[in-house]
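Step one of this worksheet: look at the structure below.
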Amino acid sequence: MDTIGARVRAAILSNGSLQKDVASAVGMTTDALSRALNGQRGFSASELAAIARHLDADLHYLITGEADPHTLTVSARHAFDPDTRRRSADGAEADRTVINGVVLALRQADLHTSPPELPRTPDEMANLLGQDFARDFINRLDALGINVIRIEDISTAYSFMADGRPVIVIRSTGNWFYENWSLAHELGHLCLGHSGIVPGSAVVDAAEAAANEFAAELLLPATALIDVDESVVESAMAELIWAYGVSTEAMRNRLENLDRPVSGSVQALLLKNTQRALRHHWIWGADDPITERMTEASARRFPQSWIEGHLARIAQGTLHKDTLAWMLGVASEALEVEEPPSTGPTDTADLADLLG
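Quick note: the sequence shown uses UniProt numbering, first residue 1, plus one each step.
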């Protein structure tokens, strides 16, 4: 049977390395590597990524057994420099390890639900998400089968399809309004069928513009802003910004694009920092919902279905807990989960392999 362990073993042999040397180089014990090669435990995301780097092997092939059909399959949110009119995603290359870890975590979760069919327009997506979705955006996406990961070890937002499943990876920043736009932007890439929108792509400008248009109409639909005019006061605009979960900059750009005139005082409000504008013009009770949103947008997050899938396989003894520990952002040895009894020492053949 062609397994990850078998493919890693073949890569080690092809490289001319000894198993004990590979184990040492990637931070594994020789026993752990031997058991993983023989299917007695699974590889963690970090282990497979390290092995691929050490052996100069194709990580996609090690995971799937198939050649990677595209060298660049993810779509990244690009920064835009208005002076040079150029888009960039400078951390994309360094982010590959994180993206590979996310893909491995998804595949190891062994999900049994059918991947969703994505709508093509913002209106169709808004209908699926339901009213007032901005406050609960990630959970609404999860309910539709769109997997969202929030992680600190990444430079920008990404979207891609893995085994037919849509995935969005965003950076934890604490800026909930930036997070919402990143989610809507990457959702646009997925719904519009974009793939490989990365630095150097010939269609990056057109695809990024289309994804931004999708996000604008999803978060700030033109029909919802039809009554915005010069009579709107600052406090009412602050409430709109909060309800739609966007930044002052996003609201300002959207109103300009829709040719919706506002008063000079509202224009001044929209030039302010988002949180400062809200705290100054919107009064609430003893609670501080702005800080609450910031705290949520700072937390590491993986879909609950992935976590449950890993827990089930760990309990069955078919998966090691290292990837789950990485998902939760804790040390593997500190993670207490249900595990099967130890399978005991490796057999004579395995020991012979370890000795070279």
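C-beta: ideal position from N, C-alpha, C; glycine also. Model, not experiment: these values are computed from the prediction.
Query	Result
Would you tell me roughly how many angstroms separate the C-alpha atoms of Ser265 and Leu129, rounded to the nearest one?	33 angstroms
List the endpoints of the continuous beta strand (DSSP E) containing Phe43.	No beta strand (DSSP E) holds Phe43; DSSP gives it neither H nor E.
Between Val26 and Leu33, what straight-line distance do the alpha-carbon atoms span, to the nearest angstrom?	10 angstroms
Determine the extent of the beta strand (DSSP E) in which Ser159 is found, giving its start and end residues.	Tyr158 to Ala162
Sort Ala157, Arg150 and Gly42 by Cα distance to Ala109 and report the nearest one.	Gly42
Is the CB-CB distance between Val167 and Leu106 below 8 angstroms?	yes
When you compare only the Cα positions, how much space is there between Arg260 and Ile241?	15 angstroms
For the alpha helix (DSSP H) containing Val8, name the first residue and the last one.	Ile4 to Asn15
Under a Cβ-count criterion, where at least 16 other Cβ atoms within 10 Å of its own Cβ denotes burial, should Ser114 be classed as buried or exposed?	exposed
Work out the CA separation of His189 and Thr248 for me, nearest whole Å.	23 angstroms
Decide if the segment 42-56 is in contact with the segment 2-20; the criterion is three or more beta carbon pairs, one per stretch, under 8 angstroms apart.	yes
Any chance the segment 171-187 sits against the segment 296-309, with 3 or more Cβ pairs inside 8 angstroms?	yes
Among residues of its own chain, excluding the 5 on either side of Leu335, which ones have a beta-carbon nearer than 8 angstroms to its beta-carbon?	Lys321, Leu324, Ala325 and Leu328
Just verifying my parser: in three-state terms, what is the DSSP assignment at Ile99?	helix
Can you tell me whether His70 is buried or exposed? The criterion is at least 16 other CB atoms within 10 Å of its CB, across all chains shown.	Note that His70 scores 41 on pLDDT, short of 50, meaning its location in the model is unreliable; the coordinates nonetheless yield the value given after this. Exposed is the call here.
Give the C-beta separation of Tyr244 and Leu269 to the nearest angstrom, bearing in mind that I take them to be a contact with Cβ-Cβ under 8 angstroms.	About 15 angstroms; that fails the 8 angstroms criterion.
Can you grab the Cα-Cα spacing for the pair Met251 / Met237, in whole Å?	9 angstroms
Classify Thr156 as buried or exposed, calling it buried when 16 or more other Cβ atoms lie within 10 Å of its own Cβ.	buried
Just the Cα atoms here: how many angstroms apart are Phe133 and Ala207?	25 angstroms
Ile151 by DSSP, collapsed to three states: which one?	strand
Judging by CA-CA distance, which residue of Ser46, Arg313 and Arg254 is the nearest neighbour of Ala331?	Ser46
By Cβ distance, which residues of its chain are closer than 8 angstroms to Ile314, with the 5 residues on each side in sequence left out?	His320, Lys321, Leu324, Val337, Glu338 and Glu339
So what's Val169 in DSSP terms, helix, strand or just coil?	strand
Looking only at its own chain, which residues have a Cβ that is under 7 angstroms from the Cβ of Ile4, when we skip the five neighbours before and after it?	Phe43, Leu62 and Ile63
Identify every run of the alpha helix (DSSP H) within the segment 256-307, keeping only runs that are complete inside it and at least 4 residues long; order them along the chain.	264-270, 274-281 and 289-296
Identify every run of the alpha helix (DSSP H) within the segment 175-199, keeping only runs that are complete inside it and at least 4 residues long; order them along the chain.	176-191
Which residue comes first and which comes last in the alpha helix (DSSP H) that contains residue 374?	As displayed, the chain neither begins before 1 nor continues past 356, which places residue 374 out of reach and without an answer.
With 16 as the cutoff for other CB atoms within 10 Å, does Glu152 come out buried or exposed?	exposed
Apart from the five residues on each side of it in sequence, which residues of its chain come closer than 8 angstroms, Cβ to Cβ, to Thr173?	Glu179, Ala297 and Ser298
If I'm right that Leu183 touches Ile154 with Cβ under 8 angstroms, what's the distance once you round it to whole angstroms?	That belief does not hold up - the Cβ atoms of Leu183 and Ile154 are roughly 14 angstroms apart, past 8 angstroms.
How many angstroms separate the CA atom of Ser263 from the CA atom of Val233?	8 angstroms
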